[in-house]
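Please read the structure below before turning to the comments.
2 protein chains.
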Amino acid sequence: MTYCVGLKLDRGLVFMSDTRTNAGVDNISTFKKMYTWAKTGDRVITLLSAGNLATTQAVISILNERTKTPSERSPSIYDMPSMFQTARLVGDTIRHVIDEVDSGGQRADSFGASIILGGQIKGGDPRLFLIYPEGNFIESTPDTPFFQIGEHKYGKPIIVRSYDPAMTFEEATKLLLVSFDSTLKSNLSVGLPLDLQFYESDSFKLGFEKRIERHDPYYEIISEGWSQALKLAFQSLPPFEIEPRS
Amino acid sequence: MTYCVGLKLDRGLVFMSDTRTNAGVDNISTFKKMYTWAKTGDRVITLLSAGNLATTQAVISILNERTKTPSERSPSIYDMPSMFQTARLVGDTIRHVIDEVDSGGQRADSFGASIILGGQIKGGDPRLFLIYPEGNFIESTPDTPFFQIGEHKYGKPIIVRSYDPAMTFEEATKLLLVSFDSTLKSNLSVGLPLDLQFYESDSFKLGFEKRIERHDPYYEIISEGWSQALKLAFQSLPPFEIEPRS
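So the protein sequences, as listed, match chains L and G. All residue numbers in the first sequence are consecutive under our numbering, ending with 246. All residue numbers in the second sequence are consecutive under our numbering, ending with 1246.
Below, the structure is given as structure tokens:
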């Protein structure tokens, strides 16, 4: 499994992804699930992937080859005029990859993959998309300012409750670490290290990036601190009282 | 969907279940998912069910008919010599019901159901079981002192973090309400009212019972208070700091 989040803030975009891939619990590997295409002054595009690793790697490879081979340069992710067109390109690519393996008559589920795509291209606003295995996609709105893919349930309640579009990148990082920590504590198939990336609106350059390793001091403070803070929060609530039974 | 939890404490058992049943989001009903068989001084057995409503109702009906019709009185849930035998009876019944609908060649998934069974029978300790659609089951242990069925992911982190076997029934109720509140806020297919029941070890009588309705004052205090407490807990954590990039 996987857990990835893309968050849209007033000041930009924040991405976080885990790196665990597993084919059964006895076959665990570390793979980066965050990919970026950046051309300073022109565009920064970040992609997070969840699902079948062969599918997501094929999608990334095709997108990359198109950016490298001149004969196939069109359509390249560096030529797309807008984030919407980029989302269509990625959507078409993922559908194409899945169709290809699928034509063998296998079940589509197993080859499925979902993608979070965010970034900004000169002339447009920063945008954030969720792309389905079928190739169609939805865009984040003020009502739904974040997308999660993979094992999203454990870490959702805290984002729903504490997200605020006016957050700083640092606050958003804290929020995502708490969300990832809840997920890591509950599901073995989501694992450290985590990849973190910021994109500041209208900067058109790659923002802060960090790989948060197993013994990252800040992660340990959050993980331990959140356990403690939750216990205190829980204790602060009034006790249930059994009414006298009549 | 459904959300039910059975919790084993040092002083007894606590059960909570929601009441929402849906066949599609446009077809929602309220059904009780908590059933109790009690004979004061002899046994108290509580069952929580999740999954196909036709399956779970058939299981309950068969168990009830066996307790009522003299000719079928054996095996009745009131005659089982131990909680283990009761779990076997319920497991056999659920497998039998699923096999029956399944023989039509339909997919087993859709008829599936899971059951939490807990209680105490004179001569034994209080025990808590999780029964699978296949009819087999596991028992809670000090390592796994609670079982969840249905939509369990959203509400699991808080139980994992705050459960303590020495809790009072009142503290456990608070914990379960927080867990249910997180689930209700994230998944439409889990809905109020909630059913709550206590069983005090070695009492051999039905414990405190309550239906928590939509506007239950204590539930509203917990729901609102937990949002606030989480925000404060989150604020209490130190901010992430971007290290100076070299």
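Built from N, CA and C at the ideal position, the CB exists for glycine as well.
- Contact check between the segment 25-35 of chain L and the segment 168-181 of chain L: fewer than three CB pairs, one atom from each, fall below 8 angstroms, which does not count as touching.
- Each residue's CA atom was taken as its position, placing residue 1054 of chain G and residue 1114 of chain G some 13 angstroms apart.
- Assignment of residue 132 of chain L by DSSP, reduced to helix, strand and coil, places it in the coil class.
- Using a Cβ-Cβ cut-off of 7 angstroms, residue 1218 of chain G is close to 240 of chain L, given in chain order.
- Distance between residue 5 of chain L and residue 166 of chain L, taken at the CA atoms: about 18 angstroms.
- At a Cβ-Cβ threshold of 8 angstroms, residue 1206 of chain G and residue 1002 of chain G do not count as neighbours.
- For residue 29 of chain L, the uninterrupted beta strand (DSSP E) segment begins and ends at 28-30.
- Residue contact with chain G for residue 173 of chain L: present (Cβ-Cβ distance below 8 angstroms to some residue of chain G).
- Assignment of beta strand (DSSP E) within the segment 1003-1068 of chain G, counting only whole runs of 3 or more residues, yields 1003-1009, 1012-1017, 1020-1022, 1028-1030, 1034-1039, 1043-1051 in chain order.
- Runs of alpha helix (DSSP H) with 4 or more residues, each lying fully within the segment 109-186 of chain L, are found at 156-162, 169-186, listed in chain order.
- Using beta-carbon distances, residue 1157 of chain G counts as an interface residue toward chain L, with a partner under 8 angstroms.
- The beta carbons of residue 1111 of chain G and residue 1098 of chain G sit about 5 angstroms from each other, so the pair counts as a contact at 8 angstroms.
- Of all C-beta pairs linking the segment 197-205 of chain L to the segment 222-241 of chain L, fewer than three are shorter than 8 angstroms, placing the two stretches out of contact.
- Taking residue 92 of chain L as reference, the option from L:63, L:67, L:40 with the minimal CA-CA separation is L:63.
- Check the Cα spacing between residue 210 of chain L and each of L:197, L:219, L:174, L:144: the tightest is with L:197.
- Scanning chain L for C-beta atoms nearer than 8 angstroms to the C-beta of residue 1170 of chain G yields 239, 240, 241, 242, reported in chain order.
- Sequence-ordered contacts of the segment 141-157 of chain L with chain G read 153, 154, 156, 157 [C-beta pairs closer than 7 angstroms].
- Apart from sequence neighbours up to five positions away, the residues of its chain that approach residue 122 of chain L with a beta-carbon distance below 7 angstroms are 42, 43, 204, ordered along the chain.
- Counting only residues of its own chain and dropping the five nearest sequence neighbours on each side, residue 214 of chain L has a CB closer than 6 angstroms to the CB of 192.
- A Cβ of chain G is located within less than 8 angstroms of the beta carbon of residue 222 of chain L.
- Straight through space, the alpha carbons of residue 236 of chain L and residue 1216 of chain G are spaced by roughly 19 angstroms.
- Ranked by Cα distance from residue 83 of chain L, the first of L:52, L:49, L:118, L:61 is L:118.
- Counting only runs that start and end inside the segment 186-217 of chain L, the beta strand (DSSP E) elements of at least 3 residues fall at 194-200, 209-212.
- Residues of chain G with a Cβ closer than 7 angstroms to the Cβ of residue 236 of chain L are, in chain order, 1229.
- Among the CB atoms of chain L, none fall inside 8 angstroms of the CB of residue 1006 of chain G.
- For residue 78 of chain L, the three-state secondary structure derived from DSSP is coil.
- Taking a beta-carbon distance threshold of 8 angstroms, residue 1203 of chain G does not count as an interface residue toward chain L.
- Within the same chain, and ignoring the five residues on either side of residue 1019 of chain G in sequence, the residues whose Cβ sits closer than 8 angstroms to its Cβ are 1030, 1031, 1032, 1033, 1191, 1192, 1193, 1194, 1195.
- Not one beta carbon of chain G lies nearer than 8 angstroms to the beta carbon of residue 122 of chain L.
- Distance from the CA atom of residue 10 of chain L to the CA atom of residue 50 of chain L, rounded to whole angstroms, is 26 angstroms.
- Residues of chain G with a Cβ closer than 8 angstroms to the Cβ of residue 178 of chain L are, in chain order, 1234, 1237.
- Interface residue (Cβ-Cβ distance to chain G less than 8 angstroms): residue 110 of chain L is not classified as such.
- Comparing C-alpha distances from residue 67 of chain L to each of L:52, L:90, L:150 shows the shortest one belongs to L:90.
- Residue 1089 of chain G: member of the alpha helix (DSSP H) spanning 1083-1102, first to last residue.
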